[in-house]
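Here the structure comes first, spelled out in structure tokens, and everything after it is commentary.
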Amino acid sequence: MAFLSGRGDSMTPAAILMKMQELDLALDRDEQTLRELPALKELARKRAAYQKLKSEEARLLGVRKDLEAEIEDLVAEQKATEDEVTITQEDAQRLKDYREVQALEVELSDLAKKLDKIAFSLNDKRRALAEARERETKVSQYTQKFEESLIAEAQATKEAATEVQERVASARREREACAANIDEGLLQRYTASVRAHHGIGVEVLHGDTPSVCRMKLTEASLDDLVREGDIATCPYCGRLLLREEPERA
Numbered sequence: 094m095a096f097l098s099g100r101g102d103s104m105t106p107a108a109i110l111m112k113m114q115e116l117d118l119a120l121d122r123d124e125q126t127l128r129e130l131p132a133l134k135e136l137a138r139k140r141a142a143y144q145k146l147k148s149e150e151a152r153l154l155g156v157r158k159d160l161e162a163e164i165e166d167l168v169a170e171q172k173a174t175e176d177e178v179t180i181t182q183e184d185a186q187r188l189k190d191y192r193e194v195q196a197l198e199v200e201l202s203d204l205a206k207k208l209d210k211i212a213f214s215l216n217d218k219r220r221a222l223a224e225a226r227e228r229e230t231k232v233s234q235y236t237q238k239f240e241e242s243l244i245a246e247a248q249a250t251k252e253a254a255t256e257v258q259e260r261v262a263s264a265r266r267e268r269e270a271c272a273a274n275i276d277e278g279l280l281q282r283y284t285a286s287v288r289a290h291h292g293i294g295v296e297v298l299h300g301d302t303p304s305v306c307r308m309k310l311t312e313a314s315l316d317d318l319v320r321e322g323d324i325a326t327c328p329y330c331g332r333l334l335l336r337e338e339p340e341r342a
């Protein structure tokens with residue numbers, strides 16, 4: 094089945110090669126444009142910053158939870174110690190022996206010191222908890238606003254890149270159609286030439302001079318090209334050399 098140009102004409106293998114080269118060069122440009130799109134780079138930077146914010150948010154949540162647990166333990170310890178003080182005081186009132194009363198007074202003194210230490214720790218922990226909650230709230234609010242702006246920017250970036258992405262997709266489809274309509278051996282020659290010559294693997298003979306390497310051919314070289322056919326190989330640069338300019342698709 095013949096491969097047709099945009100006008101509906103059947104395309105020659107030479108024309109298909111030129112079309113493939115145009116498509117490959119356009120694909121390289123557009124794919125590089127996508128890679129270097131400033132909006133994409135900025136979006137990637139902001140996504141990394143957002144992940145750091147989320148990590149900090151999780152860390153602060155952990156700090157708050159730990160402080161709340163420590164305060165809960167201290168409050169429970171305080172209550173148990175206060176109960177112990179009450180029981181000890183009641184025991185002291187019933188005792189008559191001086192030495193036993195003195196021992197309970199020492200115990201009460203130790204319990205009072207313990208309560209003072211617990212109260213001091215509670216004040217520290219509650220102050221730290223208030224600060225932790227304040228930091229957590231600020232980071233959470235900032236993260237939420239950052240996330241909203243990131244979503245909006247991602248949408249805008251997607252719209253900016255869509256035109257280029259659609260062009261790339263269209264060019265790839267057309268390129269696949271071209272490749273499917275030439276001989277496998279010729280396709281391999283084209284691929285090797287493109288790889289060896291940094292994307293420009295096909296040139297056209299203008300008179301006695303190839304269009305890319307610009308090395309004037311001798312009469313003997315021109316005769317060799319005639320024997321090779323419409324698609325030859327440049328004796329100087331090694332690119333595929335079309336003896337005639339194919340009609341544009």
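Under my numbering, the first residue of the sequence shown is numbered 94, with each subsequent residue one higher.
A virtual CB, placed ideally from N, CA and C, is assigned to each residue, including glycine.
Residues in its own chain within less than 8 Å of residue i by CB, not counting five upstream and five downstream?
i: Asp123; result: Val257, Arg260, Val261, Ala264
i: Leu146; result: Val232, Tyr235, Thr236, Phe239
i: Lys218; result: Leu160, Glu163, Ile164, Leu167
i: Ile293; result: Gln114, Leu118, Val287, Val305, Arg332
i: Ala185; result: Val194, Leu197, Glu198, Leu201
i: Asp203; result: none
i: Pro106; result: Ile275, Asp276, Leu279, Asp323, Ile324
Which residues in the same chain have their Cβ closer than 7 Å to the Cβ of residue i, if we skip the five residues on either side of it in sequence?
i: Asp301; result: Lys309, Leu310, Leu315
i: Leu280; result: Ala272
i: Arg228; result: Leu153
Given this structure, state the Cα-to-Cα distance separating residue i from residue j, to the nearest angstrom.
i: Ala247; j: His291; result: 34 Å
i: Asp323; j: Gln114; result: 17 Å
i: Leu215; j: Ala223; result: 12 Å
i: Ala132; j: Glu149; result: 25 Å
i: Ser304; j: Glu338; result: 10 Å
i: His299; j: Arg336; result: 8 Å
i: Ala196; j: Lys210; result: 21 Å
i: Ala141; j: Ala151; result: 16 Å
i: Glu241; j: Ala249; result: 13 Å
i: Ala221; j: Arg157; result: 9 Å
i: Thr230; j: Lys112; result: 59 Å
i: Glu321; j: Gln125; result: 36 Å
i: Ala169; j: Arg187; result: 28 Å
i: Ala325; j: Leu334; result: 5 Å
i: Lys206; j: Glu177; result: 13 Å
i: Glu129; j: Ala254; result: 11 Å
i: Glu277; j: Cys327; result: 20 Å
i: Val295; j: Glu340; result: 15 Å
i: Phe213; j: Thr181; result: 23 Å
i: Ala270; j: Met104; result: 12 Å
i: Cys330; j: Asn274; result: 26 Å
i: Leu153; j: Ala289; result: 56 Å
i: Leu127; j: Tyr143; result: 22 Å
i: Ala285; j: Glu312; result: 27 Å
Closest to residue i by CA distance: which of the options is it?
i: Glu175; options: Val199, Leu154, Lys145, Leu208; result: Leu208
i: Asp117; options: Leu298, Glu340, Glu267; result: Glu267
i: Ala245; options: Asp159, Gln234, Lys139, Glu200; result: Lys139
i: Glu110; options: Asp317, Leu318, Tyr283; result: Before going further, note that residue 110 is Leu rather than Glu in the sequence given. Selected option, being the one with the closest Cα: Tyr283.
i: Asp121; options: Arg336, Leu335, Val287, Glu321; result: Val287
i: Ala225; options: Gly155, Glu321, Glu312, Arg332; result: Gly155
i: Val297; options: Leu318, Ala285, Glu227; result: Leu318
i: Leu243; options: Leu136, Thr105, Ala272; result: Leu136
i: Lys78; options: Met104, Ala107, Lys134; result: Nothing about residue 78 can be read from this structure; the chain reaches only from 94 to 342.
In the DSSP assignment, what residue or residues form a beta bridge with residue i?
i: Pro303; result: Leu298
i: Leu315; result: According to DSSP, Leu315 bridges with nothing at all.
i: Leu335; result: Val297, Ile324
Apart from the five residues on each side of it in sequence, which residues of its chain come closer than 6 Å, Cβ to Cβ, to residue i?
i: Lys172; result: none
The ligand ZN heavy atoms versus the CB of residue i: any closer than 7 Å?
i: Lys112; result: The model depicted lacks the ligand ZN and carries no ligand whatsoever.
What are the uninterrupted segments assigned as beta strand (DSSP E) that are 3 or more residues long and contained completely in the segment 225-311, given in chain order?
295-299
Which runs of the alpha helix (DSSP H) spanning at least 4 residues fall entirely within the segment 104-186, listed in chain order?
106-128
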